[in-house]
Amino acid sequence: MANWISFTYKNQTNIGVLDGDMVELFNGDMFNNPTTTGQKLSVNDIKLLNPCNPSKIIALWNNYKTLADEKGLSKPNNPLYLNKAISCISQPGEDIVRPKSYNEAIFYEGELGIVIGKHCKDLEPNETKDYIFGFTCINDVTGMDIVKKDPSFDQWTRSKSFDTFGIFGPGIVTDLDPLNLQIESKLNGKIVQNYNTSDMFFNVFEIVSFLSKDMSLLPGDIIACGTNAGLGPMNEGDTIKVSVEGIGELTNKLV
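In this text, residue positions in the sequence shown follow the working numbering: the first is 2, and each later residue adds one.
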C-alpha cells in the first residue's frame, strides 16, 4: 500500500509517497514505473497539489442501495454516469466558490474515487484490477436546483461543472479493498454521511469494465462512484470534510 501525492517544493512540481509526516520523492511518471530519488522531505516544507491531472472525470448516479430506497428508485440496468468538466477541478483545501450565475442550493456529495493507471478498453470485470492505480476521496459538489430547471433535459453536467466543484485527493492510495471502505462526510463537524462501499449496486470492478466498453480510459482518469444517503446543501461559510477509510480527508469551505 502506498499513498501517492503531487506537490510543489522550491517552485518545482514533484511526485512522492507519503509516509506519516515525511514524503519520499520519486522521478518520472506516477503511472509509469517511477523511481525513488532516495530523498525525503517534511510535509511542512511542501505545498500539496491534486494528485493527478485526469483527462476526464466520470461521475456515477444512483449507485447506492440506501439512497435509491430513500428516493424510490430501482437498481438501474447498468451504471448511469455523466462527465464533469476538467476546468471544475480545485486544488486541495481551496474554497468552493459559488458561481455568479447560480444562487440556489449547493450540495456536498462524499464519494470514493477510482484512479485509472493504464490505458484500457473493453475490459471484463475480472481484468480491471490490473488497470486501476488506486483510490482517492471525492466531494462531487453539485448545484442541485439546476438539474430539473428545464423539464425537457436533466442538466447534470452543468450542475457539477462549475469552477471549484471538482474536489479530489489528497492522495491516491494503492492496494485497498474497494468493496469494504467506510466513507464519512462532516458538515461543520457534524457527521452527515456515514456509509460503506459494500452498499453499491455496481462495484468498482463492474464500473470500470462497463465504462471501458463505452470509451477508452486513460492513466489518471477519475471515476466518482456515486454518493449515498445524507447528501445535502451547504451555506456560505460552511466547512465540509469528506474522508474515506485508508485514504485521507478533504476539507473545503463554501464561500
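In this text, a Cβ means the ideal position worked out from N, Cα and C, and glycines have one as well. Note that the structure is predicted; figures quoted are calculated from it, not measured.
Bridge-paired residues (DSSP) for residue i
i, result
"residue 13", "10"
"residue 151", "154"
"residue 27", "16 and 37"
"residue 121", "218"
"residue 238", "None, per the DSSP bridge assignment."
"residue 115", "136 and 224"
"residue 253", "241"
"residue 174", "4 and 136"
"residue 97", "255"
"residue 143", "108"
"residue 84", "59"
"residue 247", "None; residue 247 has no bridge partner."
Residue i, buried or exposed, once every other Cβ within 10 Å from all chains shown has been counted against 16
i, result
"residue 41", "exposed"
"residue 67", "exposed"
"residue 256", "exposed"
"residue 180", "exposed"
"residue 102", "exposed"
"residue 183", "exposed"
"residue 213", "buried"
"residue 8", "buried"
"residue 129", "buried"
"residue 242", "buried"
"residue 38", "exposed"
"residue 43", "exposed"
"residue 206", "buried"
"residue 36", "exposed"
"residue 228", "buried"
"residue 194", "buried"
"residue 140", "buried"
Closer than 9 Å to chain B by CB, residue i
i, result
"residue 63", "Of the protein chains in the structure, only one exists, and it is not chain B."
Distance between residue j and residue i (C-alpha atoms, nearest Å)
i, j, result
"residue 158", "residue 19", "33 Å"
"residue 11", "residue 252", "25 Å"
"residue 33", "residue 236", "42 Å"
"residue 144", "residue 168", "14 Å"
"residue 164", "residue 58", "14 Å"
"residue 138", "residue 112", "6 Å"
"residue 6", "residue 72", "37 Å"
"residue 28", "residue 152", "51 Å"
"residue 24", "residue 250", "17 Å"
"residue 217", "residue 105", "35 Å"
"residue 3", "residue 176", "8 Å"
"residue 222", "residue 100", "25 Å"
"residue 74", "residue 45", "46 Å"
"residue 1", "residue 124", "Outside the displayed span of the chain (2 to 256) sits residue 1, for which this structure offers no information."
"residue 254", "residue 98", "8 Å"
"residue 78", "residue 132", "24 Å"
"residue 80", "residue 231", "21 Å"
"residue 238", "residue 188", "11 Å"
"residue 87", "residue 61", "16 Å"
"residue 16", "residue 31", "7 Å"
"residue 146", "residue 26", "44 Å"
Whole-number beta carbon distance between residue j and residue i, since they are thought to touch under 8 Å
i, j, result
"residue 85", "residue 191", "Residue 85 to residue 191, Cβ: 27 Å. No contact."
"residue 186", "residue 109", "6 Å"
"residue 225", "residue 114", "5 Å"
"residue 170", "residue 52", "5 Å"
beta-carbon residue i near the ligand SAM non-hydrogen atom, thresh 8 Å
i, result
"residue 217", "Among the ligands in the structure shown, none appear at all, so the ligand SAM cannot be discussed."
Would the region 239–254 count as touching the region 115–131 if we require 3 or more Cβ pairs under 8 Å?
no
Does the region 91–98 touch the region 195–205, meaning 3 or more C-beta pairs lie closer than 8 Å?
no
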